[in-house]
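There are 2 protein chains.
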Amino acid sequence: MKLDDAAARLEALGNPTRLKIYRALVKAGDNGMSVGRLQVRLDVAASTLSHHLKTLLVVGLISQERQATTLICRANYGLMQGLIEFLVDECCVETVCTPVSSKAAG
Amino acid sequence: MKLDDAAARLEALGNPTRLKIYRALVKAGDNGMSVGRLQVRLDVAASTLSHHLKTLLVVGLISQERQATTLICRANYGLMQGLIEFLVDECCVETVCTPVSSKAAG
DNA sequence: TTGTTAATTCTAGTAATATCGAAATAACGC
DNA sequence: GCGTTATTTCGATATTACTAGAATTAACAA
């Protein structure tokens, strides 16, 4: 994952309302959740919700599927995994970062 | 980690410049890196850099230590681990989310 | 105190984001 | 087509973020 893409996804998740939306969708699992149901659950204006969903959509964190008049939203687990891999990998969280320079031996 | 805190940290990382700053600090390891060195490395105005560092600082992602006139910045691995745990845990990426409702049995 | 280096705060302009009501569009049943 | 339900787009406003030059503060040496 490119740095700019990772940043865009982190930014998308870095809004409380959107993080709640995303979590609700993850909890909904494969069934997903309709936009209308999300609106009731999160108690937010429809237009605001639509705006946030678009943000999550364009960075790929969620996807949508139409079922007649209803839009089902689902979280993209795969992409989140990629994002976490980026953070762990590029930011080497798990282990003590051995400095690249050879003078560090301790 | 509370949702609002997680969102604030994700937002802090969700800016390309700040993500670069953070990565540079992680790569610097325990030695850390001075503000001045970061400025040269990232080629950004000192005031802009200071502004971004403050953002990372207030959400706890980095820490600073004074060495005479120089300020050494370091990444907080622990907090990043907590953030990743939040994403993995709360957003159950690894496994298929079993819905809480009892009617879902399949 | 004066001077030097390092970093921050102040100030300001520009751009982006969040919010929501109202109007418009989409899919459908009749 | 008409009406109904579901969702988005439009328009408008308020807030916040990004950027950077100039002035200021911090730590120190002489």
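Order-wise, the sequence lines are chains A and B.
Counting with the numbering used here, you get residues 15 to 120 for the letters of the first sequence.
Counting with the numbering used here, you get residues 15 to 120 for the letters of the second sequence.
Quick reminder that beta carbons are idealized off the backbone N, C-alpha and C, glycines included.
Everything numeric in this text was worked out from a predicted model, so none of it was measured.
Report all residues from its chain with a CB closer than 7 angstroms to the CB of residue 96 of chain B; omit the five preceding and five following residues, and keep chain order. Excluding residues within five positions, the ones whose Cβ falls inside 7 angstroms are 15.
Around the C-beta of residue 89 of chain B, are 16 or more other C-beta atoms found within 10 angstroms, so that it is buried, or is it exposed? With 16 or more other Cβ atoms from the protein chains shown falling within 10 Å of its own Cβ, residue 89 of chain B counts as buried.
When you compare the region 32–50 of chain A with the region 39–55 of chain B, are there three or more beta-carbon pairs, one atom per stretch, that lie closer than 8 angstroms? These segments do not touch.
Residue 20 of chain A CB to nearest chain B CB: under 8 angstroms? Residue 20 of chain A counts as touching chain B.
If we define contact as Cβ-Cβ less than 8 angstroms, is residue 34 of chain A a contact residue for chain B? Closer than 8 angstroms to the CB of residue 34 of chain A there is at least one CB belonging to chain B.
Report the CB separation of residue 73 of chain B from residue 22 of chain B in whole angstroms; it is logged as a contact under 8 angstroms. Contact flag correct, Cβ pair sits at about 5 angstroms.
Whole-angstrom distance between residue 25 of chain B and residue 86 of chain B, CA atom to CA atom: Going by the C-alpha atoms only, they are around 23 angstroms apart.
Hey, how far is the Cα of residue 17 of chain B from the Cα of residue 67 of chain B? Here the alpha carbon of residue 17 of chain B sits roughly 22 angstroms from the alpha carbon of residue 67 of chain B.
Using the Cα positions of residue 61 of chain B and residue 81 of chain A, report the straight-line distance between them to the nearest angstrom. Straight-line Cα distance between these residues: approximately 51 angstroms.
Put residue 15 of chain A into one of helix, strand or coil per three-state DSSP. For residue 15 of chain A, the secondary structure class from DSSP, reduced to helix, strand or coil, is coil.
From B:69, B:77, B:28 and B:20, residue whose alpha carbon lies closest to that of residue 48 of chain B: Nearest C-alpha to residue 48 of chain B: B:77.
Could you please give the first and the last residue of the uninterrupted beta strand (DSSP E) stretch that includes residue 84 of chain B? Boundaries of the beta strand (DSSP E) around residue 84 of chain B: 84–89.
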